[in-house]
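Peer 1: Following my numbering, the numbering of the sequence shown begins with 5 at its first residue and continues without gaps.
Input: one structure, supplied below.
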Amino acid sequence: MQRPWQVAALLQGFCCSSSHAGAEPPVVRGVAPTDLAKYTTRHFRCLSGSDPAVVNDDFCDCADGSDEPGTSACAGQKGIMFYCPNADSFPSYVYTSRVNDGICDCCDGSDEWRTANCANTCVQEGRTLRQQRGQQLSDLRSGIQKRQADLSLIADTEGSAGLRSEPRNQLSNCYLCVG
Numbered sequence: 005m006q007r008p009w010q011v012a013a014l015l016q017g018f019c020c021s022s023s024h025a026g027a028e029p030p031v032v033r034g035v036a037p038t039d040l041a042k043y044t045t046r047h048f049r050c051l052s053g054s055d056p057a058v059v060n061d062d063f064c065d066c067a068d069g070s071d072e073p074g075t076s077a078c079a080g081q082k083g084i085m086f087y088c089p090n091a092d093s094f095p096s097y098v099y100t101s102r103v104n105d106g107i108c109d110c111c112d113g114s115d116e117w118r119t120a121n122c123a124n125t126c127v128q129e130g131r132t133l134r135q136q137r138g139q140q141l142s143d144l145r146s147g148i149q150k151r152q153a154d155l156s157l158i159a160d161t162e163g164s165a166g167l168r169s170e171p172r173n174q175l176s177n178c179y180l181c182v183g
């Protein structure tokens, strides 16, 4: 059974929304684009399949917390995270308990939507993260080259000293090839 305020919220959405044919579906705060289809239906039902609920009304209606992806109302529910789009950087997730807590956890400030006092630092963060990932990839490639050189040295040693090939085979079996 729906609470009276839920019915009022649903009716407000039906009679007062300015939806136009072909218009973009509403963006639901805190939901990743891959999961948005679950939230854009006219009548949202908890993802666990239970009762209907109002999304992001700051009241945890669903036992699984799925009705509050953009608020901290269901903080502590397993698997419920707030999605930070972080344009110009990398998307990320933060715990819903960090939504609207006065601390900017998303570089785009999307987790602090009530106060909107967060500077968008995504351009700088994105640049820094891309540089770090580039360095990690370079280090990984360097390590792979060193490992290949070590395997070649073992192969040469085995051939000239008449050693068994078991150590080389063991090393080859644990070798990770990155393209």
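C-beta: ideal position from N, C-alpha, C; glycine also.
Measure the Cβ-Cβ separation of V103 and T75 and say whether it is below 7 angstroms.
Peer 2: Locating residue 103 in the sequence shown gives position 99, where the first residue counts as 1. Locating residue 75 in the sequence shown gives position 71, where the first residue counts as 1. Yes.
Peer 1: Locate the beta strand (DSSP E) running through Y97, then write down its first and last residues.
Peer 2: Along the sequence shown, one-based indexing puts residue 97 at 93. Here the beta strand (DSSP E) through Y97 covers S96 to Y99.
Peer 1: From M85, L157, I107 and T132, pick the residue whose C-alpha is nearest to that of C122; which is it?
Peer 2: In the sequence shown, the residue the question calls residue 122 occupies position 118. For the residues M85, L157, I107 and T132, the minimum Cα distance to C122 belongs to I107.
Peer 1: So, are the CB atoms of C66 and A77 less than 7 angstroms apart?
Peer 2: Locating residue 66 in the sequence shown gives position 62, where the first residue counts as 1. Locating residue 77 in the sequence shown gives position 73, where the first residue counts as 1. No, Cβ-Cβ distance for C66 and A77 is not below 7 angstroms.
Peer 1: Excluding the five sequence neighbours on either side, which residues of its own chain have a C-beta within less than 8 angstroms of the C-beta of Q149, listed in chain order?
Peer 2: Sequence index remark: in the sequence shown, residue 149 carries index 145 (1-based). Answer for Q149: no residue qualifies.
Peer 1: So the candidates are G83, R137 and Q128; which of them puts its Cα closest to the Cα of T100?
Peer 2: Your numbering for residue 100 matches position 96 in the sequence shown. That would be G83, whose Cα lies nearest to the Cα of T100.
Peer 1: Tell me, to the nearest whole angstrom, how far the beta carbon of S52 is from that of D68; I am working on the premise that it is less than 8 angstroms.
Peer 2: As a working note, residue 52 is residue 48 in the sequence shown. As a working note, residue 68 is residue 64 in the sequence shown. Contact flag correct, Cβ pair sits at about 4 angstroms.
Peer 1: So, helix, strand or coil for C126, using DSSP?
Peer 2: Residue mapping note: residue 126 aligns to position 122 of the sequence shown, counting from 1. In this structure, C126 counts as helix in the three-state DSSP scheme.
Peer 1: Looking at G34: is its Cβ nearer than 7 angstroms to the Cβ of P73?
Peer 2: Against the sequence shown, residue 34 aligns to sequence position 30. Against the sequence shown, residue 73 aligns to sequence position 69. Contact flag set, yes.
Peer 1: When DSSP labels each residue in this structure, what does G163 get in the three-state scheme?
Peer 2: Start at 1 with the first residue of the sequence shown, and residue 163 comes out as number 159. It is helical.
Peer 1: Tell me the DSSP bridge mates of R49?
Peer 2: Numbered from 1 along the sequence shown, position 45 holds the residue referred to as residue 49. Paired residue(s): P56.
Peer 1: How far does the beta strand (DSSP E) with Y87 in it extend, from its first residue to its last?
Peer 2: Taking the sequence shown and counting its residues from 1, the one referred to as residue 87 is at position 83. It spans M85 to C88 - the beta strand (DSSP E) in which Y87 sits, taken as one unbroken run.
Peer 1: For L40, tell me which candidate among Q81, F86, D55 and D62 has the shortest Cα-Cα distance.
Peer 2: Taking the sequence shown and counting its residues from 1, one reaches residue 40 at position 36. Answer by Cα proximity: F86.
Peer 1: Would you check if the distance between the CB atom of L98 and the CB atom of D115 is smaller than 7 angstroms?
Peer 2: Numbered from 1 along the sequence shown, position 94 holds the residue referred to as residue 98. Numbered from 1 along the sequence shown, position 111 holds the residue referred to as residue 115. One point to set straight first is that residue 98 is Val, not Leu, in the sequence displayed. A contact, by the Cβ cut-off of 7 angstroms.
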